[in-house]
Amino acid sequence: MGLNMNYPDERGRFENFGGKFVPETLMQPLYEVEQALKEALGDEQFVNELTRELQEYSGRPTPLTFAKNTTETLDGAQIYLKREDLNHTGAHKLNNALGQALLAVRMGKKKVIAETGAGQHGVATATVAAKFGLECKVFMGRKDIERQKLNVFRMELLGAEVIPVDSGDQTLKDATNEAIRYWVQHCEDHFYIIGSVVGPHPYPKMVRDFQRIIGDETKTQIQTQIGQLPEHIVACVGGGSNAIGMFYPFLEDNVALYGVEASGKGVDTEEHAATLAKGRPGVIHGSMTYLLQDEHGQITEPYSISAGLDYPGIGPEHAYLKDSGRVRYESITDDEAIAALIFLSKQEGIIPAIESAHALAYAFKLAPTLASNETLVVCLSGRGDKDVQSVKQYLEEKGEQA
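So for the sequence shown, UniProt numbering puts the first residue at 1; every next one is plus one.
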């Protein structure tokens, strides 16, 4: 089927996906966010202020780095890394958090809430809340709090209140449930800063629009460095914000796009987060998309070593891009991701986030099958400082060394 670049439509749909599946009390707040976003993006003053903050506070543009040692070792395509790990706070999450915080201020909101899994979105939200003088609450699953202690401390240091969530599997899905419940009760004076291209309209579009700077910069940088567009682009997919930000400016170009989701202990086991490989269409967190569910339609718990990819759904635009055939979605296991993380650390002196390591693992499989005159760009969505304890524990349990 042909690709529609004008999606989402007026109902917030990407073909069969997206929309607003929310309680009646949230319809008016969502409409207000939608109208405020439309006006803000058409306001030169707002766009200039966001651009200035991205440049002077966040440090954009982030570099596009040629991975010389990795390219020579793998002996295939030329590999470049889009360095979102060098964004202020250490991940692409700040691009979106800055945009939504400025929108919250424009709407007169004094309080923000957020959900987080790996903690990077929570840190980004706590950061912008501190910068703009906003009261901040971050909902986080108890299991993720244990996995990401460093990021929890960073959020608290920045002045945010981290609220543990003990329901369900105590991960990102459950944190999002609690954040939505809280927003329903406090939507009059709170702005909900959602961290990925998920949730009801207009959030998938809004997060995409604030994250497309990744792809826009990459398009300019790669043409400056090699004089043409790359043949291949790879990005990891949980909710899918870094991937849609990277892919969107390239959707109409002759560039192969690959989204990589987490298959945990394998897609043939019950312990994975491979939503597109194993999921079916259904509704989660206010949006129609692919999600993991049992035969009765009940959402099943995902699993991944990566807290940031441990989510049973996916952004509705990714569901649309899968069905359209424009983007190819692949899966990578915990073992493959950790091996890629260690490989890049030793080859390039860059410790990536476990999320990003999933994209790297697939890129490292793909690159040797390609010609040496082809170019492959990987979105390095975040740095791995937050994950070193998880990697150390993983290796100790396996009886392996870094």
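Note that CB positions come from ideal geometry on N, CA and C, so glycine has one too. Note that the structure is predicted; figures quoted are calculated from it, not measured.
Let me know the secondary structure DSSP gives A124 once reduced to three states.
-> The residue given as residue 124 occupies position 124 in the sequence shown. Note: A124 maps to helix in three-state DSSP.
Would the stretch 290-305 and the stretch 366-378 be scored as touching if the rule is three or more Cβ pairs under 8 Å?
-> No, the stretch 290-305 is not in contact with the stretch 366-378.
For S263, three-class secondary structure by DSSP | As a first step, residue 263 is located in the sequence shown; it is residue number 263 there, counting from the start. Note: S263 maps to strand in three-state DSSP.
Which value, in whole angstroms, describes the spacing of the CA atoms of Y362 and Y80?
-> Residue numbering aside, residue 362 sits at position 362 when the sequence shown is read from its first letter. Residue numbering aside, residue 80 sits at position 80 when the sequence shown is read from its first letter. Using only the alpha carbons, I get a separation of about 14 Å.
Between V138 and the rest of its own chain, which residues show a CB-CB distance below 8 Å, the 5 nearest in sequence each way excluded?
-> Translated into positions along the sequence shown, residue 138 becomes position 138. Same-chain partners within the cutoff: I113, A114, E115, T116, G122, T125, A126, M155, A160, E161, V162, I163.
Using beta-carbon positions only, say whether K110 and E135 come within less than 8 Å of one another.
-> As a position in the sequence shown, residue 110 is number 110, starting the count at 1. As a position in the sequence shown, residue 135 is number 135, starting the count at 1. Yes; because the gap between Cβ atoms is below 8 Å, this pair is in contact.
Taking three-plus beta-carbon pairs below 8 Å as touching, is the stretch 254-273 in contact with the stretch 221-228?
-> No: fewer than three Cβ pairs fall under 8 Å.
Label K68 either buried or exposed according to how many other C-beta atoms from any shown protein chain fall within 10 Å of its C-beta, with 16 as the threshold for buried.
-> Start at 1 with the first residue of the sequence shown, and residue 68 comes out as number 68. Label assigned to K68: exposed.
Hey, would you say E217 sits closer than 8 Å to T62, going by beta carbons?
-> The residue you call residue 217 lines up with position 217 of the sequence shown. The residue you call residue 62 lines up with position 62 of the sequence shown. With a cutoff of 8 Å on beta-carbon distance, E217 and T62 are scored as near each other.
With respect to the alpha helix (DSSP H) encompassing H186, which residues constitute its N-terminal and C-terminal limits?
-> Counted from its first residue, the sequence shown places residue 186 at position 186. In this chain, the alpha helix (DSSP H) harbouring H186 covers 172-186.
Counting along the chain, where does the alpha helix (DSSP H) carrying residue 407 start and finish?
-> One cannot answer for residue 407 here, as it falls past the ends of the chain, which runs 1 to 402.
DSSP bridge partner residues for L376 (one or two, in chain order) = The sequence position of residue 376 within the sequence shown is 376, counting from 1. Among the bridge pairs identified by DSSP, L376 is matched with I79, H232.
Answer with buried or exposed for F153, where buried requires no fewer than 16 other C-beta atoms within 10 angstroms of its C-beta.
-> One-based indexing of the sequence shown puts residue 153 at position 153. Classification of F153: exposed, given that the 10 Å Cβ count is below 16.
Taking the C-alpha atoms as reference points, what is the distance between Q221 and V33?
-> On the sequence shown, residue 221 is found 221 positions in, with the first residue counted as 1. On the sequence shown, residue 33 is found 33 positions in, with the first residue counted as 1. Just so you know, the alpha carbons of Q221 and V33 end up roughly 33 Å apart.
Between which two residues does the beta strand (DSSP E) harbouring T289 extend?
-> Here residue 289 refers to the residue found at position 289 of the sequence shown. Note, T289: beta strand (DSSP E), 287-291.
Just reading off the beta strand (DSSP E) that residue 416 is part of, what are its end residues?
-> Residue numbering for the chain in the displayed model covers 1 to 402; residue 416 lies beyond these limits and cannot be assessed.
Determine, using beta-carbon pairs with one atom in the stretch 262-282 and one in the stretch 188-207, whether at least three such pairs fall under 8 Å.
-> In this structure the stretch 262-282 does not touch the stretch 188-207; the number of beta carbon pairs closer than 8 Å is below three.
Below 8 Å between beta carbons: does that hold for K381 and A337?
-> Taking the sequence shown and counting its residues from 1, one reaches residue 381 at position 381. Taking the sequence shown and counting its residues from 1, one reaches residue 337 at position 337. The question names Lys, but residue 381 in the sequence shown is Ser. The beta carbons of S381 and A337 sit no closer together than 8 Å.
Nearest-angstrom Cα separation, counted from H92 out to L86 | Counting from 1 along the sequence shown, the entry for residue 86 is found at position 86. Counting from 1 along the sequence shown, the entry for residue 92 is found at position 92. Put simply, the backbone Cα of L86 is about 9 Å away from that of H92.
Range covered by the alpha helix (DSSP H) that runs through L309 | The residue given as residue 309 occupies position 309 in the sequence shown. Annotation for L309: no alpha helix (DSSP H) segment contains it, and DSSP assigns it neither H nor E.
Which of the three DSSP states, helix, strand or coil, is assigned to V388?
-> By 1-based counting over the sequence shown, the position of residue 388 is 388. Note: V388 maps to helix in three-state DSSP.
Reducing DSSP to helix, strand and coil, say where R212 ends up.
-> Position 212 of the sequence shown, counted from the first residue, corresponds to residue 212. R212 falls in the coil class under three-state DSSP.
Are I214 and G239 close, meaning C-beta to C-beta below 8 Å?
-> Taking the first residue of the sequence shown as position 1, residue 214 is located at position 214. Taking the first residue of the sequence shown as position 1, residue 239 is located at position 239. Taking 8 Å as the cut-off, the beta carbon of I214 is found no closer than this to the beta carbon of G239.
Looking only at C-alpha atoms, which of V388, A36, R326, G315 sits nearest to I350?
-> Numbered from 1 along the sequence shown, position 350 holds the residue referred to as residue 350. The shortest Cα separation from I350 among V388, A36, R326, G315 belongs to V388.
Could you check which residue in T171, E84, L291, D334 has the C-alpha nearest to that of L395?
-> Position 395 of the sequence shown, counted from the first residue, corresponds to residue 395. The closest CA to that of L395, considering only T171, E84, L291, D334, is found on D334.
Y320, buried or exposed, once every other Cβ within 10 Å from all chains shown has been counted against 16 = Here residue 320 refers to the residue found at position 320 of the sequence shown. Label assigned to Y320: buried.
N-terminal and C-terminal residue of the beta strand (DSSP E) that L251 is part of | To locate residue 251, count along the sequence shown from 1; it is residue 251. Where L251 is concerned, there is no enclosing beta strand (DSSP E), given that its DSSP letter is neither H nor E.
Between the Cα of L26 and those of D189, Q211, L3, spot the shortest distance and give me the residue it belongs to.
-> Looking up residue 26 in the sequence shown gives position 26. The candidate whose alpha carbon is nearest that of L26 is D189.
Report, in whole angstroms, the separation of the C-beta atoms of P210 and G108, which I expect to be a contact under 8 Å.
-> Taking the sequence shown and counting its residues from 1, the one referred to as residue 210 is at position 210. Taking the sequence shown and counting its residues from 1, the one referred to as residue 108 is at position 108. Note on residue identity: the sequence assigns Phe, not Pro, to residue 210. Not quite, the Cβ-Cβ distance comes to about 20 Å (not below 8 Å), so this is no contact.
Extent of the continuous beta strand (DSSP E) to which S331 belongs = Counted from its first residue, the sequence shown places residue 331 at position 331. S331 -> beta strand (DSSP E) spans 327-333.
Nearest-angstrom Cα separation, counted from V377 out to D253 = Stepping through the sequence shown from its first residue, residue 253 is reached at position 253. Stepping through the sequence shown from its first residue, residue 377 is reached at position 377. Each residue's Cα considered, the two are about 14 Å apart.
Straight-line Cα distance separating A235 from F14 | Locating residue 14 in the sequence shown gives position 14, counting from the first residue. Locating residue 235 in the sequence shown gives position 235, counting from the first residue. Rounded to the nearest whole angstrom, the C-alpha separation of F14 and A235 is 21 Å.
What are the complete alpha helix (DSSP H) segments, minimum 4 residues, inside the stretch 23-57?
-> Within the stretch 23-57, the runs of alpha helix (DSSP H) at least 4 residues long that lie entirely inside it are, in chain order, 24-41, 44-53.
Mind checking whether G141 and Q120 have CB atoms under 8 Å apart?
-> On the sequence shown, position 141 is the one that residue 141 refers to. On the sequence shown, position 120 is the one that residue 120 refers to. For G141 and Q120, no; Cβs fall outside 8 Å.
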